[in-house]
Amino acid sequence: MPRILLCFFLAALGDNNNAVTEYNFDFTDSQFDQDYLRLMASEDVNAWDFIYREPVGLRMALPADRDVQMVAFANRFPVRGDFEITAKYTILHSDSPAQGYGTGPGIYIKTLSSGESVAVLARLIRPAEGNVYSAYFATLRRDGSRWHQPTFEETNSTRGSLRLTRIGKNLQYYVAEGDSRDFRLVRAIRLGSNDVAIVRVGVDKGGSESAIEVIWEELEVRMHPTNRREIVLVVGLLPLGALLILLLLQLRRRKNRSDDVRLHE
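Here it is, written out as structure tokens:
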């Protein structure tokens, strides 16, 4: 009987499209996987001029005297379905910007949708608000104009983790401070279920002339192509399936007994 239940469970979940996919990147010991990640920069420059592989992680340093506004690494692999994207950072140095929308490290995602929806979770220093977590969302309106909606939350932490999680069509923004794995929700939005065109992790000067230096220690990407509610439904139906199997076995035994009785009459 347990074997029948196990086969039923595996048959329900055995489709490769339902498998959890994980990408884990450890940037310590000077590691960087160029098969799965690519470098980016906001200007036509060599990103490796501003990114350094070091024993403590991947260091990104943008000086104040250069025009480069952003450097980052991005995915070479597809991101779709439910996902959890987590990146761990340490801010080594950041000038307070006099202008712009904020300087600091962050995770940027853009979906393959007609609205070209963008979500960004960042740890910034802003000209007016100072040190904040920024949970940003933007999409296109029907008239073609861009709709921007940022939210900010004060923080003094210079080390921690940023996480974006999508379940179904909903996206949650989470932060954790220091080495803690106790993530706290700072915002939730309706993103939609379109595949993700790009996941970008890096540092941005936000239109300012401020210097910024950050270490990235690790990146984790977990994906489940199918909505988890479908799997919950399958698991929820397992007890009912077990009852049906028991009933069928019982009926079969009774039929066999009846046949045996007839043979001996």
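When the count follows the working numbering, it moves up by one through the sequence shown with no breaks and lands on 266 for the last residue. Yeah, the Cβ is synthetic: ideal placement off N, Cα and C, and Gly gets one too.
- Here the alpha carbons of residue 35 and residue 187 stand approximately 32 Å from one another.
- Taking every protein chain shown into account, the CB of residue 225 has 16 or more other CB atoms within 10 angstroms, so this residue is buried.
- Within the same chain, and ignoring the five residues on either side of residue 223 in sequence, the residues whose Cβ sits closer than 7 Å to its Cβ are 21, 23, 84 and 85.
- Exclusion of the five residues before and after residue 81 leaves 196, 197, 224 and 226 as the residues of its chain whose Cβ lies within less than 7 Å of its Cβ.
- By the CB criterion at 7 Å, residue 70 and residue 170 fall outside the cutoff.
- In this chain, the beta strand (DSSP E) harbouring residue 121 covers 119-127.
- Excluding residues up to 5 positions away in sequence, 141 lie with their Cβ nearer than 8 Å to the Cβ of residue 115 in the same chain.
- Residue 218: member of the beta strand (DSSP E) spanning 213-225, first to last residue.
- The three-state secondary structure of residue 20, taken from DSSP, is coil.
- Closest option to residue 122, judged by alpha-carbon separation, among 217, 189, 180 and 136: 136.
- Rounded to the nearest whole angstrom, the CA to CA distance from residue 67 to residue 79 is 33 Å.
- The Cβ-Cβ distance between residue 108 and residue 88 falls below 7 Å.
- Remark: C-beta atoms of residue 133 and residue 117 do not approach each other more closely than 7 Å.
- Judged by DSSP in its simplified three-state form, residue 183 adopts coil rather than helix or strand.
- With contacts defined by Cβ atoms closer than 7 Å, residue 72 and residue 208 do not form a contacting pair.
- For residue 102, the closest alpha carbon among the candidates 91, 90, 92 and 127 is that of 127.
- In the assembly as shown, residue 182 is an exposed residue. Its beta-carbon has fewer than 16 other beta-carbons within 10 Å.
- In the three-state scheme derived from DSSP, where H, G and I count as helix and E and B as strand, residue 48 is classed as helix.
- In the displayed model, residue 65 falls within coil according to three-state DSSP, outside both helix and strand.
- Inclusion of residue 63 and residue 51 in the CB contact set at 7 Å is warranted, their separation being smaller than that value.
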